[in-house]
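> This is the structure I have questions about; it appears just below.
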Amino acid sequence: MPTRKVQSRPRQSGSTRTGNAGELHQLAGAGHPPLTTNQGLPVSDNQNSLRAHPRGPTLLEDFILREKITHFDHERIPERIVHARGTAAHGFFELTGSLADYTTAKIFTEVGEKTPVFTRFSTVAGGAGSVDTPRDVRGFAVKLYTKEGNFDIVGNNIPVFFIQDAIKFPDLIHAVKMEPDRGFPQAASAHDTFWDFISLTPESMHMVMWAMSDRTLPRSLRMIEGFGIHSFRLINAAGDSTFVKFHWRPRLGLQSTVWDEAVKIAGADPDFHRRDMFEAIQSGGFPEWEFAVQLFTEEEAQAFPFDHLDATKLIPEELVPLKVVGRMVLDRWPDNFFAETEQVAFCPSHLVPGIDFSNDPLLQGRLFSYLDTQLSRLGSANFHQLPINAPKCPFANQQRDGHMQMMVPKGRVAYEPNTLAADSARESPATGFRSAALAESGERGRVRSETFADHYSQARLFFRSQTGIEQAHIASALVFELSKVETVHVREAMVGHLLNIDPSLGQRVADGLGLDALPKAPEPAAPIIDMAESPALQIIGKMLDTLEGRAIGILVADGSDAGLVAALKKAAIDAGASVKIVAPKVGGAKLADGSRLPADGQLAGTPSQLFDAVAVILSDAGAAALAKEGAAIDFVRNAFGHLKAIAIDHGGQVLLQQAGVEPDGGVVSAHDSGAFIAVAKTRQWAREPSVRTLA
Ligand code: HDE
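The sequence shown begins at 1 in this note's numbering and counts up by one.
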């Protein structure tokens, strides 16, 4: 029996449609440009494909459907093999102090000049869709669109790296990424293959100390330092060369989360850092960094008790002070994530006249890798023509053609030298890029310099330079990570290395793992030396006593005291914080004075881990109702456990009691907003032993 056709009435246009394109367009408003195909053909119906009849098959003839779906199918490009998850913003670099004695690079000699930048922050191990807050190094890549060409400082938020030679990079990354047979864990170093590789790679020990410190748990990308890591060279007009290390220092100071908080943020808001950066820029709180350099000569370098060409070593600020010569401000969010943040192509080989590379073997390998990776990722040798990658100064040469050539070169000449095109691009012997004239001698070979042999002294320097709290966090992170390692001999091998770094650290981690006996420490390849401690390596020492750039959450419910909420909010905003009202319903709460206070976040979706400090303002009835809500109990319990200041009124106190929280000096009366602001500016470190056992 034939099926009965249920056909909607023909519309005025005469077509039979179920999608109401016309009505949608009316909603969107008049005056919009026509929607076309990629060839410019105006489209009459963007809701329905071409059918043989209303309930019949779709026709292959529907070139509009095919163009749209084909484009969609090809929307993704290969994600970066490392640093896939990233967040970027536009801004400017301003030179505040001239380096003219050291370099001819205009970016470092023209004081007051503002150079456009595009800066991308990233995690390293996770895929593009992974969370923002794993324990991981952060990439800090800056593209400076200078008058003399693009200069990319492709760095990290840690001044050293895991390995000394580029040939080990694929092994390191394969070890940290998801294990190939099972496809997990995503964005986590706490698994066997990573620690197996690390335990066999003593050169990684210094970086491991940084990776296990709170540096890998940043509170905000606006609160991380950036480092170019390798030594570069500055070359002046006379051709003299000076070594340089690049540093970015955040204006808001350094701040990190605690591990339990980072884990809970990952669940509450996987986009925590991206959203934080977006909201800061949209609200005019532009992230800013000082730019500083460490300058030193070949002779000075000879006297260092380490080799500066070894990327597992840093130069303590106490040995070579930082000279601040500029600042970077990020003041514009990209218009389009894919076109800009995804397609931006950084290469350490992008530099300008007056700057040159050093012989760091890790850097030398990177000079090859990044161009190669862009060719594979972006698919064309013309990736430099994409708007985000194109220099903002004129550029011209005789390179031609290739996939997706977007420029239309004119004339018959595509070679140089030539006599046929007087206006074609030529060399600039006087001002063009020149490599530093260096004498190299020695035997060729696959060798590691003897001067790279000391793997423990700077790991020790880093650990011993930390505050007691930070040392406990490092030891606890090691216990956490190694407890996830199933292979016992890998755990033991790591403890052996830790004993070389600092016997007390090895002992603490061994205790935390429940090892019966201490393993034997491996024989160091070079004597371990005790360097002078460097407090500049701490985070707590560099955390600013401020609410600027920080966030306060105020938990309210029906019946909360309107005056108290308003006073606290004002005090927090006056102190530079952003404030969010959290309530059981997103529509807000009806306060004691009868007014309705809209909520910025609903309680279940806005837990306290998203804030730096919280206030809990509740009527007794409101507190009694929330005492039965797991989300409300977690709100105060986690705020306390994450060492945050808490302001409470009587109802807030009732909720704290229900949560089993015993107030300390960081829990203050909401009626004293001044006291709350004072304690909210920092974390309650003294509380930590009462809320968790640290190694
Ligand atoms: Fe990278 N790295 N890397 N890296 N790296 C990449 O290039 C590589 C290293 C860093 O936001 C890739 O465009 C090798 C050190 C950042 O787009 C790839 C070696 C430092 C970013 C690559 C290193 C970095 C990358 C993947 C050992 C700190 C993200 C996608 C010799 C100084 C840039 C891409 C962005 C990205 C290779 C080591 C920082 C595969 C071979 C050391 C911030 O080319």
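Built from N, CA and C at the ideal position, the CB exists for glycine as well.
Keep in mind the model is a prediction, meaning the values are calculated, not measured.
Which residues does DSSP list as the beta-bridge partners of Met543?
The residue labelled residue 543 in the question sits at position 543 within the sequence shown. Looking at the DSSP assignment, Met543 forms a beta bridge with Gly253.
> Mapping the DSSP letters down to three states, classify Thr115 as helix, strand or coil.
Here residue 115 refers to the residue found at position 115 when the sequence shown is read from its first residue. In the structure shown, Thr115 sits in a strand (DSSP, three-state: E or B).
> Classify Tyr415 as buried or exposed, calling it buried when 16 or more other Cβ atoms lie within 10 Å of its own Cβ.
Walking along the sequence shown from the start, residue 415 turns up at place 415. When all chains shown are included, Tyr415 counts as exposed.
> Does the Cβ-Cβ distance between Ser560 and Leu591 come in under 8 Å?
Along the sequence shown, one-based indexing puts residue 560 at 560. Along the sequence shown, one-based indexing puts residue 591 at 591. Yes.
> Short of 6 Å in beta carbon distance, which residues of its chain neighbour Gln398, apart from the five on each side in sequence? Order them along the chain.
As a first step, residue 398 is located in the sequence shown; it is residue number 398 there, counting from the start. So the qualifying residues of the chain are Ala414, Tyr415 and Glu416.
> Can you check which of these residues, Gly402, Ile153 and Ser441, is closest to Val293 by C-alpha distance?
For the purposes of this step, residue 293 is taken as residue 293 along the sequence shown, with counting starting at 1. Taking each of Gly402, Ile153 and Ser441 in turn and checking the Cα distance to Val293, the smallest one comes out for Ile153.
> Report yes if the CB atom of Leu217 is closer than 8 Å to the CB atom of Ser256, and no otherwise.
Here residue 217 corresponds to residue number 217 of the sequence shown, with the count starting at 1. Here residue 256 corresponds to residue number 256 of the sequence shown, with the count starting at 1. Contact flag set, yes.
> Does at least one heavy atom of the ligand HDE sit under 7 Å from the Cβ of Val82?
Here the question's residue 82 lines up with position 82 in the sequence shown. True, at least one ligand heavy atom lies under 7 Å from that Cβ.
> Using the C-alpha atoms, what's the distance from Val124 back to Ser13?
By 1-based counting over the sequence shown, the position of residue 13 is 13. By 1-based counting over the sequence shown, the position of residue 124 is 124. Caution is warranted here: a pLDDT of 43 is assigned to Ser13, below 50, making its placement in the model unreliable, and the coordinate value is therefore given only provisionally. The straight-line gap separating the alpha-carbon atoms of Ser13 and Val124 is approximately 54 Å.
> Just mark Pro527 as buried or exposed, buried being the case when its beta carbon has 16 or more other beta carbons within 10 Å.
Numbered from 1 along the sequence shown, position 527 holds the residue referred to as residue 527. The residue in question, Pro527, is exposed, as its Cβ has fewer than 16 Cβ neighbours within 10 Å.
> Of the choices Trp259, His308, Phe338 and Gly666, whose alpha-carbon is the least far from that of Ile77?
Reading the sequence shown from its first residue, position 77 is the one you call residue 77. With distances taken between Cα atoms, Ile77 lies closest to Phe338.
> Kindly identify the DSSP beta-bridge partner or partners of Asp356.
Position 356 of the sequence shown, counted from the start, is the residue given in the question as residue 356. Answer by DSSP bridge pairing, in chain order: Arg233.
> Using 8 Å as the threshold, is the stretch 110-117 in touch with the stretch 85-96, meaning 3 or more CB pairs across them?
Three or more Cβ pairs closer than 8 Å define a contact, and the stretch 110-117 meets that threshold against the stretch 85-96.
> Please report the Cβ distance between Ala562 and Asp593, rounded to the nearest whole angstrom; I am assuming they are in contact, meaning their Cβ atoms lie under 8 Å.
Sequence index remark: in the sequence shown, residue 562 carries index 562 (1-based). Sequence index remark: in the sequence shown, residue 593 carries index 593 (1-based). About 4 Å; that satisfies the 8 Å criterion.
> Rounded to whole angstroms, what's the CA-CA distance from Gly127 to Asp558? Just pull it up for me.
Along the sequence shown, one-based indexing puts residue 127 at 127. Along the sequence shown, one-based indexing puts residue 558 at 558. Looking at the two C-alpha atoms, the distance is approximately 42 Å.
> Alpha carbon to alpha carbon, what distance is there between Arg412 and Ala422?
Translated into positions along the sequence shown, residue 422 becomes position 422. Translated into positions along the sequence shown, residue 412 becomes position 412. Each residue's alpha carbon lies about 12 Å from the other.
> What is the rounded straight-line gap between the Cα of Val579 and the Cα of Val509?
Counted from its first residue, the sequence shown places residue 579 at position 579. Counted from its first residue, the sequence shown places residue 509 at position 509. Answer to the nearest angstrom: the Cα atoms are 40 Å apart.
> Assuming Phe296 contacts Val320 under a Cβ cut-off of 8 Å, what Cβ separation, rounded to an integer in Å, is found between them?
Taking the sequence shown and counting its residues from 1, the one referred to as residue 296 is at position 296. Taking the sequence shown and counting its residues from 1, the one referred to as residue 320 is at position 320. The pair is a contact, with the Cβ atoms about 5 Å apart (cut-off 8 Å).
> Could you tell me the distance, in whole angstroms, from the CA atom of Pro353 to the CA atom of Pro519?
Within the sequence shown, residue 353 is the residue found at index 353, counting from 1. Within the sequence shown, residue 519 is the residue found at index 519, counting from 1. In a straight line, the C-alpha of Pro353 is about 52 Å away from that of Pro519.
> Mapping DSSP to helix, strand and coil, what is Arg692?
On the sequence shown, residue 692 is found 692 positions in, with the first residue counted as 1. Arg692 falls in the coil class under three-state DSSP.
> My output table needs one value for Asn500: the three-state DSSP class, helix, strand or coil.
Locating residue 500 in the sequence shown gives position 500, counting from the first residue. Helix, per DSSP.
> For the pair the stretch 428-441 and the stretch 171-179, tell me if three or more CB-CB distances fall below 8 Å.
no
> Between the beta-carbon of Ala166 and the beta-carbon of Gln471, is there less than 8 Å?
Along the sequence shown, read from residue 1 onward, the residue named residue 166 stands at position 166. Along the sequence shown, read from residue 1 onward, the residue named residue 471 stands at position 471. No. Outside cutoff.
> Have a look at the DSSP bridge pairing and note the partners of Arg120.
Start at 1 with the first residue of the sequence shown, and residue 120 comes out as number 120. The partner list for Arg120 (beta bridge, DSSP) reads Ala88 and Ala141.
> For His273, collect the residues of the same chain with a Cβ closer than 8 Å to its Cβ; drop the 5 residues on either side in sequence, then sort them by chain order.
For the purposes of this step, residue 273 is taken as the residue at position 273 of the sequence shown. Non-local C-beta neighbours of His273 in its own chain, meaning closer than 8 Å and more than five positions away in sequence, comprise Thr87, Phe121, Asp132, Thr133, Pro218, Ser220 and Leu221, ordered along the chain.
> Grab me the residues of Lys106's own chain with a C-beta within less than 7 Å of its C-beta, minus the 5 sequence neighbours each way, in chain order.
Start at 1 with the first residue of the sequence shown, and residue 106 comes out as number 106. Taken in chain order, the residues that qualify are Thr146, Lys147 and Glu148.
> Alpha helix (DSSP H) containing Asn638: first to last residue?
Within the sequence shown, numbered from 1, the residue matching residue 638 stands at position 638. Asn638 -> alpha helix (DSSP H) spans Gly630 to Gly641.
> For Phe169, is the beta carbon positioned less than 7 Å from some heavy atom of the ligand HDE?
Indexing the sequence shown from 1 puts residue 169 at position 169. It does: the Cβ of Phe169 is within 7 Å (strictly closer) of some heavy atom of the ligand HDE.
> Given a cut-off of 8 Å, decide if Asn382 and His403 are closer than it, judged by their beta-carbon atoms.
If you number the sequence shown from 1, residue 403 lands on position 403. If you number the sequence shown from 1, residue 382 lands on position 382. Yes, they are a contact pair.
> Just grab the DSSP bridge partners of Leu330 for me.
The sequence position of residue 330 within the sequence shown is 330, counting from 1. Under DSSP, Leu330 shares a beta bridge with Gly91.
> In terms of residue numbering, what span does the alpha helix (DSSP H) encompassing Glu279 cover?
One-based indexing of the sequence shown puts residue 279 at position 279. Its alpha helix (DSSP H) spans residues Phe272 to Gln282.
> Cβ of Asn156 versus every heavy atom of the ligand HDE: is any distance shorter than 7 Å?
Stepping through the sequence shown from its first residue, residue 156 is reached at position 156. It does: the Cβ of Asn156 is within 7 Å (strictly closer) of some heavy atom of the ligand HDE.
> Check whether the stretch 327-338 and the stretch 358-372 touch, using three or more Cβ-Cβ pairs below 8 Å as the test.
The stretch 327-338, when compared against the stretch 358-372, does not touch it at the 8 Å Cβ threshold.
> How is the beta strand (DSSP E) around Asp196 delimited, first residue to last?
As a first step, residue 196 is located in the sequence shown; it is residue number 196 there, counting from the start. Counting along the chain, Asp196 falls outside any beta strand (DSSP E), though it belongs to the alpha helix (DSSP H) covering Asp192 to Ser199.
> Between which two residues does the alpha helix (DSSP H) harbouring Leu555 extend?
Position 555 of the sequence shown, counted from the first residue, corresponds to residue 555. Counting along the chain, Leu555 falls outside any alpha helix (DSSP H), though it belongs to the beta strand (DSSP E) covering Ala551 to Leu555.
> My guess is that Asp196 and Glu486 are in contact by the Cβ rule of under 8 Å, so how many angstroms apart are they, rounded?
Position 196 of the sequence shown, counted from the first residue, corresponds to residue 196. Position 486 of the sequence shown, counted from the first residue, corresponds to residue 486. So it is not a contact: roughly 11 Å between Cβ atoms.
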